[in-house]
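Worksheet: the structure to be examined is printed underneath.
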């Protein structure tokens, strides 16, 4: 049975190589509204270096499939996976723009530091974390600020730069204490005074929630890390909730009322890119099945 198994392994290898070579998706050029580039971003995504499924390069490829212009990789208490993703994105194409981030994770709060180069050490007191992110020129985003995190997040809201106002928990029927309404209320209450929270939509991608399910529309001058960070600092974002209500910069919301824009998600289905792609994919699947079946004999 050795020879048939080797044939099956060869077919699997051909499918793997072919799938890698043909699995290229070019992100559509950003649209313009009111002189701004409208970049579709997801600012909360994980890799297999903690509790995600994809490697950093695979995450970038998936972002391309989903039509994302911007991707923040926010691993739990790590930044090197995001740096790998940024390197891969730069080496293989212009988009998505990858922002290096970290989800600083403790029992009392989760916040994203984005625009980082060095990891931020989680501490029980959130103050040093905010200081460390800002010292690097980064921004602090409240991650899924449900009521359980309010004892920590509410007192420092004026020092936080943005908050997730849309997250996949908005679509959950069994929430277990995770309520989308808490995210909405945290954001609304945080914008009652002079301080403004930047509206963020993010998928919290691990493996089940589709990447880009909840998107942030970023109004930037160009598709670059610096321009995206400038837009976030200025609060130039719009996020649509499950009912289609727009949250974010009032000027940008008004702009989209005058010049409508329909964000993704894009079709995530598979279509062969020519006959050779289709044949190699079929060979790959047949090879995988053959390797399993023949191994048992």
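In this note's numbering, the protein residues as written are 9 to 305.
Don't be surprised by glycine CBs; every beta carbon is placed ideally from N, CA and C.
The model shown is predicted, which means the values in this text are computed figures rather than measured ones.
Boundaries of the beta strand (DSSP E) in which residue i is found, first to last residue
{"i": "residue 108", "result": "105 to 113"}
{"i": "residue 207", "result": "206 to 209"}
{"i": "residue 246", "result": "245 to 248"}
N-terminal and C-terminal residue of the alpha helix (DSSP H) that residue i is part of
{"i": "residue 198", "result": "188 to 198"}
{"i": "residue 119", "result": "Looking at the DSSP string, residue 119 is not in any alpha helix (DSSP H); the run it does join, the beta strand (DSSP E), is 118 to 122."}
{"i": "residue 236", "result": "233 to 242"}
Burial state of residue i (16 or more Cβ within 10 Å)
{"i": "residue 216", "result": "exposed"}
{"i": "residue 172", "result": "buried"}
{"i": "residue 88", "result": "exposed"}
{"i": "residue 166", "result": "exposed"}
{"i": "residue 49", "result": "buried"}
{"i": "residue 265", "result": "exposed"}
{"i": "residue 14", "result": "exposed"}
{"i": "residue 240", "result": "buried"}
{"i": "residue 179", "result": "exposed"}
{"i": "residue 311", "result": "One cannot answer for residue 311 here, as it falls past the ends of the chain, which runs 9 to 305."}
{"i": "residue 122", "result": "buried"}
{"i": "residue 234", "result": "exposed"}
{"i": "residue 74", "result": "buried"}
{"i": "residue 130", "result": "buried"}
{"i": "residue 297", "result": "exposed"}
Residue i - DSSP class collapsed to helix/strand/coil
{"i": "residue 224", "result": "strand"}
{"i": "residue 131", "result": "coil"}
{"i": "residue 93", "result": "helix"}
{"i": "residue 256", "result": "strand"}
{"i": "residue 265", "result": "helix"}
For the segment 137 to 191, list the alpha helix (DSSP H) runs that are entirely contained and at least 4 residues long, ordered along the chain.
Given a length threshold of 4 residues, each whole run of the alpha helix (DSSP H) inside the segment 137 to 191 is given here in chain order: 158 to 161.
Suppose only complete runs of 4+ residues qualify. What are the alpha helix (DSSP H) ranges in the segment 35 to 80, listed by chain order?
List check, alpha helix (DSSP H) in window: 64 to 73.
Does the structure place the segment 80 to 87 close enough to the segment 46 to 60 that three or more beta carbon pairs sit under 8 Å?
Contact holds between the segment 46 to 60 and the segment 80 to 87, because three or more Cβ pairs, one in each stretch, are under 8 Å apart.
Give a yes or no on contact between the segment 185 to 202 and the segment 148 to 157, applying the rule of three or more CB pairs nearer than 8 Å.
Under the three-pair Cβ rule at 8 Å, the segment 185 to 202 counts as touching the segment 148 to 157.
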